[in-house]
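Everything on this sheet refers to the single structure shown next.
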Amino acid sequence: MTTRFFVYGSMSEGMVHWSKISEMIEKIVPASIRGTAWRLKVGFPALVAGGDHLINGQLVDLKSSELLISLLDEFHGFNRFDPDKSLYVRQEVIALVGDETVSCWVYFLNPRKMPSGARVITDGDWQKSLVEEPALTDKLTERQRTYLTRLGAATGREIIPINDMSLYRELMNLDLIVDKGRRLALSKFGQEVVRYLG
Numbered sequence: 014m015t016t017r018f019f020v021y022g023s024m025s026e027g028m029v030h031w032s033k034i035s036e037m038i039e040k041i042v043p044a045s046i047r048g049t050a051w052r053l054k055v056g057f058p059a060l061v062a063g064g065d066h067l068i069n070g071q072l073v074d075l076k077s078s079e080l081l082i083s084l085l086d087e088f089h090g091f092n093r094f095d096p097d098k099s100l101y102v103r104q105e106v107i108a109l110v111g112d113e114t115v116s117c118w119v120y121f122l123n124p125r126k127m128p129s130g131a132r133v134i135t136d137g138d139w140q141k142s143l144v145e146e147p148a149l150t151d152k153l154t155e156r157q158r159t160y161l162t163r164l165g166a167a168t169g170r171e172i173i174p175i176n177d178m179s180l181y182r183e184l185m186n187l188d189l190i191v192d193k194g195r196r197l198a199l200s201k202f203g204q205e206v207v208r209y210l211g
């Protein structure tokens, strides 16, 4: 038995979160659904239910597993017992695959949780948007990525020193870190970026 999902953005083949599902895929085909695509400040898209754009992505048949679905729900911040407070909402939709229609699941961003700085992708073409303006994660230098990853893995009040003032200024200017006096921490935006570092 399989479970069908429409995937897009960072979950698409070749993107940063593809590895989270790739081992469980039985079949993959190009597909599209109707909705509205938003470009998050980090650069990757989020879809919102409603709207009339044809959003391209992939239909994946996953090996059916309650654990896998629970993990995908957790990754997307979806609480099936309280969807209104969820970051993303898992919803059943109709996808277009060639000339056929197929029922599948998709994770839509909860409009109440839309991050500041997000903007509508006017034609819904998130792939073109990423080509024209790559995601922030693709623009970071190796030392920026390394420091952000270390800071993201820190627990509690652990201090992750930064010995390079130019790196400090770069990360502050990108609004990725905040200075808490004795220690640095990821800003809210920095936490989102680290989530997309893989």
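Here the sequence shown is numbered in the working numbering, starting from 14 and rising by one per residue.
Every residue gets a Cβ at the ideal spot worked out from N, C-alpha and C, and that includes glycine.
Since the model is a prediction, treat every value here as computed from it, not as a measurement.
Alpha-carbon spacing of residue i relative to residue j, whole angstroms
i    : j    : result
F18  : K152 : 29 Å
M14  : Y120 : Caution applies to M14, whose pLDDT of 48 falls short of 50 and renders its modelled position unreliable; the value that the coordinates give is listed next. Looking at the two C-alpha atoms, the distance is approximately 21 Å.
R196 : N69  : 43 Å
L80  : K33  : 13 Å
T150 : E205 : 10 Å
E171 : R163 : 11 Å
L187 : Y209 : 15 Å
D20  : I175 : Residue identity differs from the one stated: residue 20 is Val in this sequence, not Asp. Taking the straight line joining both Cα atoms gives about 37 Å.
Top-ranked residue by Cα proximity to residue i, from the options
i    : options               : result
K40  : L210, L189, L72       : L72
E146 : L80, A166, L53        : L53
M24  : G203, T16, F57        : F57
A148 : Y181, V207, L75       : V207
V42  : V115, L184, S179, M28 : V115
A44  : M37, D97, E113        : E113
In DSSP terms, what residue i is bridged to
i   : result
W51 : A59, V133
| query | Between the segment 121 to 128 and the segment 60 to 75, are three or more C-beta pairs nearer than 8 Å? | reply | yes
| said: Quick test of the definition: if touching needs 3 or more C-beta pairs under 8 Å, does the segment 130 to 150 touch the segment 94 to 106? | reply: no
| Which runs of the beta strand (DSSP E), 3 residues or longer, sit entirely within the segment 59 to 134? | 101 to 110, 113 to 122
| query | Would you call the segment 79 to 99 and the segment 152 to 164 touching, i.e. three or more CB-CB distances under 8 Å? | reply | With the cut-off at 8 Å, the segment 79 to 99 and the segment 152 to 164 do not touch.
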